[in-house]
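Protein chains in written order, with our numbering: chain S, 1 to 568; chain Y, 1001 to 1381; chain D, 2001 to 2354; chain U, 3001 to 3120. Note that beta-carbon positions come from the ideal geometry of N, C-alpha and C, so glycine has one too. Remember, it's a predicted structure, so these values are computed and weren't measured experimentally. Reviewing the structure listed below.
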Amino acid sequence: MGTTIKATPEIFGHAENNFFNASSGWKSWAFTLDHKRIGIMYLIGVTTALFLAGVFALVLRSHLWIANSEMLTPAMYNQMFTLHGAVMVFAFIIPSIPAALGNMVLPMMLGAKDVAFPRLNLMSFYLWVIGTGCLLYAILAGYGLDTGWTFYTPYSIETESGVIYATAGAFVLGFSSIFTGINFLVTVNTMRLPGQGWFKLPLFIWSLYATAIIQILATPVLGITLLLLISERLMSIGIFDPRYGGDPVLFQHFFWFYSHPAVYIMILPAMGVISELIAVYSQKRIFGYSFIAFSSVAIALLGFLVWGHHLFTSGQSLVVTLIFSAITFSVAIPSAVKVFNWLATMYKGSILLATPMCYALSFIFLFGIGGLTGLFLGALSTDIHLHDTYFVVAHFHFVMVGGTLTALLGGLFHWWPKMFGRMYNDMLGRVGCFLVFTGFNLTFFPQFVMGSRGMPRRYATYDPEYQIFHQWSTIGAFLLGIGILLAFAVLVYAAFKGPKVGGNPFKAASLEWQSSSPPDFHNFLHKPVMTDPYDFDAMVYDEDLDTYIHREFADPAKVPPRVEPIHH
Amino acid sequence: MMPQIPMLLAQIDEKVRELTSANAHDTPVPDEAMVHEGSYWFPRVASSYASDVDFLFMAIFWISAVFFAIIVGVMIYFCIRYRRIGGKIEPQPSASHNTTIEILWSVLPSILLVWIFYVGAVGFFEMRISPEDAEDIQVTARKWNWSFTYPDGDISSELHLVRDKPARLVMRSDDVLHSMYIPAFRQKMDVVPGRYTYAFLMPILDGKFRLACTEYCGEEHSKMRTMCQVHISEKDRKENTQWITADHKPWENGERLYKINCSGCHKVDGTPATGPALNTIWGEPENLIGKAPRLVDHNYVRESILYPDRDIVEGYGPVSKMNSFQGKISDKDIDYLITYMQYLKTGEVVELKDENATDAAAPPAEEPAQAPAEAGTGENN
Amino acid sequence: MATADPQVHDEHEHGEFIAHHFDNAEQQYDSGKLGIWVFLVTEVLFFSGLFVAYTLYRSHHPEIFDQAHVFLDKWLGGLNTVVLLFSSLTMALGVRYAQLGKNKLVAFFVLITMVCAAVFIGVKAIEYSHKWDQGILVSSAFNYTTVHAVPATAIGKALHISDYLVYLSAIPAILLVGFLIAAVGFTVGGKKILGIFCGCMAITAGGYFLGVVGAQVYMNVTDGGVGGSHASQPILLYAQEDHAADDQAGAVDDHGDANEEHSADDHGSQASHGPDPTKFVRDIGIFFSIYYCMTGLHAFHIIGGIIALAWILWRSLLGQWRSDYFGPVDYVGLYWHLVDLIWIFLFPMLYLID
Amino acid sequence: MADHHDHTSFAHPVSVKLLVTVFVALILLTILTVVSAGQLPRPFGLWVAMGIATVKAALVMLFFMHMFWDKPFNIMAFMSSLLFASLFISMTLMDTGHYQDTIDQFPREPVAQPAAPAQP
């Protein structure tokens, strides 16, 4: 390692000419086909949705501070929780990791210049904007939406709130999600670097690939479901409307055929992010690569066979209930396999508790609870008791927030220097992580107890017995809010004012780290060297650039010439 | 860490119970016996299968706790043991793959999962399949209250059961989805419009327990709570459920009818809710949407019950939120309700003049209200 | 796909049709091909919801399907099947000639495909308007009256046009006229390719009227259609042939028509076909809810297909296809065949119930 | 210009003869299914009709959609949609079949006539 390395900053270090200043003017963003810019626009979008829905959540929690609160009218409360759920699910969580982080990282991980269909990618973003706009229009136009994010019939047929706007919004958001899925699936299939076999892909790619499969197979069913619901409202076609011989339980089948796999759209990319983080910050080859990879695909496919567990008390038949319960347990295995493999990866590693790793460890803790409490809900007799109580609310928040949001934050901290070429304040980042972790547990742990004691969900007022739990929960929610704010504040500050950083500050080995930070418009100024994404020994430290580069570039003679011009 | 939190929370809980009992009158169903008296995790065990549910819950809890403790323990240990010191990246070599261990940690937990599934399924069938000798209680859920019709024709707004006597709830909804949930019984079943659903109840403990709607059903969803009272004998129950009799004053019958049918949307303390309060309006002119004001008299009340979308009071529109009670309520019942409204307004006790005549005038109207009783035997129109 | 991004300037390294992020034509073609297949997957699953609804109601309420399908005319459905199959053939030929780089032949076959699509829509318009006339609507609005408002005279009958048909035909008529004017305008103005393109679009819009006229003539000649087996299905629900009984039954019989001025002989001419509304099973309208959802969604896909085909036609006229760049024709072709595939199943499911 | 068009390995023009043959087969099958409709005893009619539709679909997919010459992955991707659609149908059908009697027994009151006949 004694050789002096003459790699230029433009290629591997902090690049002054990058995709941010490759072109300028608002049109260069609004009509951009560059996956990185689209990713950043997506990131801004989903973060806005997160904060908006987060404010709804805090309003809800404030209302629930006392048992018979009159802060909100029941009607307003119902609209609040509906919008919180709908915006969080459709406008934030589903696009969060795939569309924001995935867009940023996926083509670069494959050594590609862009996704396969850049225009489809841009269209997906604009559909997201339109769909979210429709969802929000339901509030702004004074209609409100009070069906719960699940739109269960017949209430959603009868209510006077803006169901059509909201369902149209969710419909459009569904297509946004489908287009992202198609794009990613095709990109991974056809645009890998020569020599990059399926088992040389980073596990984040595997998880995004599994996610794309679900997006493609499940989301269209949401589309038709919402279309039928809109028809039902406009013309009472009678398929879900019991007044005309329809079957409300059928709607639930339709809805959950999409929405249960959608749960895995939310969590699978998070698992992929965690696989990357654990490996990089332990500097160890990921343990059981193929098991983690195939468990993603297994989860994606098994996820289609378990939707009926949302219908255990809905009037579903006993036999089908039994089948769905049995298959539900089978999903537990691949999830557990992933957790065990992450732990095994840390074994004998060189663990750096940087902010991303803190989020990764939080993820294991919170997802562990979220996953294990799923057992209570998968088992039939306990589910009868716990169904539609706060236990369920706590369970899925542990998975969705404790899992996905934590992973999103971890991923953002990990790839932030790559995206912006600047480093964040690690100490403040860790403080933010601690606040998120503590606030989260304080918010949702009491809800398990409440639920098990019989507190139903979606209640605007409740028995005073539960008040103390609600108060803990409310305090925790504000703490969680502060934590998330702090995390984003650290990131935003770093993007503009943070110290400049080279192409690969964390000694990561996947391909996106072979570019400069921020990357060039064409992602790479050289042909990236195909390398194992978990072969950390291949990366060597470059003193001049203060960053890690692939050892092949360590010899000046081997640095390839620039093949892609930046400007003309 | 797990054991302390429950203890700590239990202490806090105790304290809150003291504090909250002071303002218990604010709660919709203030009843001391209904305050939480179960264990830390559960309400009281009041049905035959509740203890099985609790057993499985605690079994999963401890299995999960052990796994969770191992995972988090190993994670923390690794973080300390293998932490990066002084910025030197020095991972030690170790295998990155081991099929045996992968298969082991896939298969061993599966065995536990199979056991959990089996116990859950057995408990589930116990909860769902009613024995032959269970009495059928007809349940009607509507926004936002419950009515329970017993085999002898009595109706109540609270569920009354007899201890150790199995009951099968035959449930129907008048409007949207609801769900019947009795935490102390660990029993829950959705009430689906357009069909019947069934729930099996086997009370083993007498007392009053909460009954709540757990499927979101609109504005006052959280007010759709009532009680389930378990009596020690059939006789005891009869005293509580039998009610429209000559012994009662007409307004008393009206009050009970109000509780079953109207209390979800109409208050009697003068506050407006989904519909206008019923205690002040009798004999007063009401402003109607798009129509001249109208006096609240016999005709208007009757019309409002049967054709709620005709004359809508200002402030409760633009369209009526009320379902028609046509075919669901008899003329006599309407008269009872009117006497109740009169009583609330003026305090005067009005006797029904010609009970037999009213009775004879509308005998078939009673019919549909009883229809669910025969429904189990395959009535089909 | 030709790139329009101003940020991309590396065309000297690629063929002009290869987007900057692809290495070569084959990679681009394979990506697009996989993309369209995956898109077809989403289409199949999109329709699957309706197939679920169909399967459930058919298996749980066969009586509804037994009764209700007689309102559908299997000959019109069959005609549409043949039209779509033919369009599939021409589409496949279009793809073939795109692969050979013969742009004029591509344009020709794509135009035929578009015309077939328009004919299909025209026939559907007749089917729909005919049903709306009779009050054969979705479940909640199902309000069947046997006799539609047809004038009594033979000539009046032949010329009779439903109001709904006029509404449905408004947009195609506007398109027809608009494209005709544009075609003439562009041709005179010297923009030959645009002129040809608009002419083709006008022909396509004309295809709609070809379908409408053909199906309307069939309807008028057969007095409301034969293939629906109004006459051939001797099921209980039909009104009895006995006219005398009809007259006694008065307003509740199958002539319970809104138009009171019907003469007696008109009664006679219509009495032999037309189911008796009093004999309908419960929820018969559910069949039509499913029918309208399925065929309506399918028709939307046809219209979307016409738009996509127009894009292909335009590029064929520009002569852009070559043996290493024909992807878009292939992709649109695959989409078009899928629309055909779905119809292949819808036809027996809805029209041919025994 | 690019130098690709000499070795275009990915274009598979199908012969006109084959396409027309397939079309003729499709038309014959269509005629067969229309004619046979209503002629067969109860369960068979449906099966025959759906069987013919499946054969027609197979012909369209294999030859018009070039599946016969396509990459295995594309075929697998498309076929998976059928798998998942049938999963959706079968599980839902199985469930609703079990509780159908609770719907059929339910005494449903007729709904008031719709306010106005729906416009197109």
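Cβ separation of residue i and residue j, assumed to be a contact under 8 Å, to the nearest whole Å
i	j	result
S/Ala533	S/Lys200	Looking at the sequence provided, one finds Pro at residue 533 of chain S rather than Ala. Yes, S/Pro533 and S/Lys200 are in contact; Cβ-Cβ is about 7 Å, under 8 Å.
D/Phe2209	D/Gly2319	D/Phe2209 to D/Gly2319, Cβ: 30 Å. No contact.
D/Gly2206	D/Leu2176	6 Å
S/Ser96	S/Val46	5 Å
Status (buried if at least 16 other CB within 10 Å, exposed otherwise) for residue i
i	result
U/Gln3039	exposed
Y/Arg1142	buried
Y/Tyr1316	buried
Y/Gly1240	Before going further, note that residue 1240 of chain Y is Asn rather than Gly in the sequence given. Classification of Y/Asn1240: exposed, given that the 10 Å Cβ count is below 16.
S/Ile333	buried
D/Arg2058	buried
Y/Tyr1258	buried
D/Gln2028	buried
Y/Tyr1118	exposed
Y/Arg1083	exposed
Cβ-Cβ distance between residue i and residue j below 8 Å
i	j	result
D/Val2106	D/Ser2169	no
S/Thr547	S/Pro505	yes
Y/Leu1288	Y/Asp1311	yes
S/Ala99	S/Tyr42	yes
S/Phe184	S/Leu208	yes
Y/Cys1228	Y/Ile1155	no
S/Phe171	S/Leu227	yes
D/His2337	U/Val3016	no
S/Trp206	S/Ala293	yes
S/Asp34	U/Thr3096	no
S/Ile351	Y/Cys1079	yes
Cross-chain neighbours of residue i in chain Y, by beta carbon under 9 Å
i	result
S/Ile569	Only positions 1 to 568 of chain S appear in this structure, which leaves residue 569 of chain S out of reach.
Chain U contact residues for residue i, given Cβ-Cβ distances below 7 Å
i	result
D/Thr2055	Ile3089 and Leu3093
D/Gly2094	Near D/Gly2094 there are no residues of chain U at all, since even the closest Cβ is about 11 Å away, more than 7 Å.
Contacts that residue i makes with chain S (C-beta to C-beta distance below 7 Å)
i	result
U/Ile3103	Asp247
Y/Lys1435	This structure gives no information on residue 1435 of chain Y, because the portion of chain Y shown stretches from 1001 to 1381.
D/Asp2030	Thr190
U/Phe3084	Leu217 and Phe304
Within chain Y, the residues that residue i reaches when beta carbons sit closer than 7 Å
i	result
S/Gly454	Pro1043, Pro1183 and Arg1210
U/Arg3108	Gly1194
Neighbour list for residue i in chain D, Cβ cutoff strictly below 7 Å
i	result
U/Lys3056	Ile2344
S/Asp114	His2021
Chain-ordered neighbours of residue i on chain D, where CB pairs are closer than 9 Å
i	result
S/Pro220	Val2041, Thr2042, Glu2043, Val2044, Leu2045, Phe2046, Phe2047, Ser2048 and Gly2049
U/Leu3032	Ordered by position in chain D, no residue passes the 9 Å Cβ test against U/Leu3032, which lies about 11 Å from the chain.
Amino acids of chain S, ordered along the chain, whose beta-carbon sits closer than 9 Å to that of residue i
i	result
Y/Leu1257	By Cβ distance, chain S contributes nothing, its closest Cβ being about 24 Å from Y/Leu1257, past 9 Å.
Partner residues on chain U for residue i, Cβ-Cβ distance less than 8 Å
i	result
Y/Thr1197	Thr3102
Contacts of residue i in chain S (Cβ-Cβ under 8 Å)
i	result
Y/Pro1109	Ala332, Ile333 and Ala336
Evaluate the contact criterion for the stretch 451 to 470 of chain S versus the stretch 396 to 409 of chain S: three or more CB pairs, one atom per stretch, below 8 Å.
The stretch 396 to 409 of chain S and the stretch 451 to 470 of chain S do not touch, with fewer than three beta-carbon pairs separated by less than 8 Å.
Do the stretch 416 to 424 of chain S and the stretch 510 to 517 of chain S touch if we need at least three Cβ pairs shorter than 8 Å?
The stretch 416 to 424 of chain S vs the stretch 510 to 517 of chain S: in contact.
Any 3 or more C-beta pairs closer than 8 Å across the stretch 1041 to 1051 of chain Y and the stretch 1171 to 1186 of chain Y:
Yes, the stretch 1041 to 1051 of chain Y is in contact with the stretch 1171 to 1186 of chain Y.
With a cut-off of 8 Å, do at least 3 Cβ pairs link the stretch 350 to 367 of chain S to the stretch 322 to 333 of chain S?
Because the criterion of three Cβ pairs below 8 Å is not met, the stretch 350 to 367 of chain S and the stretch 322 to 333 of chain S do not touch.
The stretch 2018 to 2025 of chain D contacting the stretch 108 to 118 of chain S, beta-carbon criterion three pairs below 8 Å
Contact holds: three or more Cβ-Cβ distances are below 8 Å.
I'd like to know if the stretch 188 to 203 of chain S and the stretch 243 to 259 of chain S are in contact, where contact means that at least 3 CB-CB pairs between them fall below 8 Å.
Taking a contact to require three or more Cβ pairs closer than 8 Å, the stretch 188 to 203 of chain S and the stretch 243 to 259 of chain S do not qualify as touching.
Under 8 Å: do the stretch 65 to 76 of chain S and the stretch 377 to 393 of chain S share three or more Cβ pairs, one atom per stretch?
Counting C-beta pairs closer than 8 Å gives fewer than three between the stretch 65 to 76 of chain S and the stretch 377 to 393 of chain S, which falls short of the contact rule.
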